[in-house]
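Chemist: Residues 44 to 150 (this note's numbering) make up the sequence shown, in order. Structure provided below as structure tokens; questions to follow.
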Amino acid sequence: MSEENKIIISPQVQLVETAAQKGFLEQRVLMLSQLLHDKAEEVSALQHDVNERNEGNAELSRRVEELNARLQAAEANSAEFERQLYLALNQPVENFTGKQTETIEAV
């Protein structure tokens with residue numbers, strides 16, 4: 044290129060251009076900082092929801108354990124009731140004379 048076709052950028056123009064780039068980058072940093080802050084709030088809210096659900100799950104787990112214990116107790120009571128009913132139905136019956144007669148057949 045010849046000397047007459049060269050574009051010369053003065054130091055003042057370079058300074059203005061650099062200041063404009065700096066302003067743009069500062070705005071971009073502020074925007075990204077706000078976005079990061081918003082995302083941090085979202086994460087905090089989600090963590091709160093997770094904690095509440097975990098507490099709910101723990102409560103449900105305790106209730107299931109309690110119901111399971113009650114079910115096992117009811118099964119044990121039922122087995123004892125069946126045993127006693129069987130014994131009662133299969134005992135020899137005494138008639139009014141005091142003599143034993145045949146046993147009652149379980150239905």
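Beta carbons are placed, not taken as given, at the ideal position from N, Cα and C, and that holds for glycine.
Report the rounded CA-to-CA distance for R126 versus V86, giving the unit in angstroms.
Modeler: Cα to Cα, the separation comes out at about 59 Å.
Chemist: Assign K49 to one of three DSSP states: helix, strand, or coil.
Modeler: K49: coil per DSSP, three-state reduction.
Chemist: Could you tell me the distance, in whole angstroms, from the CA atom of Q70 to the CA atom of A83?
Modeler: Answer to the nearest angstrom: the Cα atoms are 20 Å apart.
Chemist: Rounded to whole angstroms, what's the CA-CA distance from R113 to G99? Just pull it up for me.
Modeler: Cα to Cα, R113 sits roughly 21 Å from G99.
Chemist: Using the Cα positions of L73 and Q55, report the straight-line distance between them to the nearest angstrom.
Modeler: The alpha-carbon atoms of L73 and Q55 are separated by roughly 27 Å.
Chemist: Work out the CA separation of G66 and D92 for me, nearest whole Å.
Modeler: Cα to Cα, D92 sits roughly 39 Å from G66.
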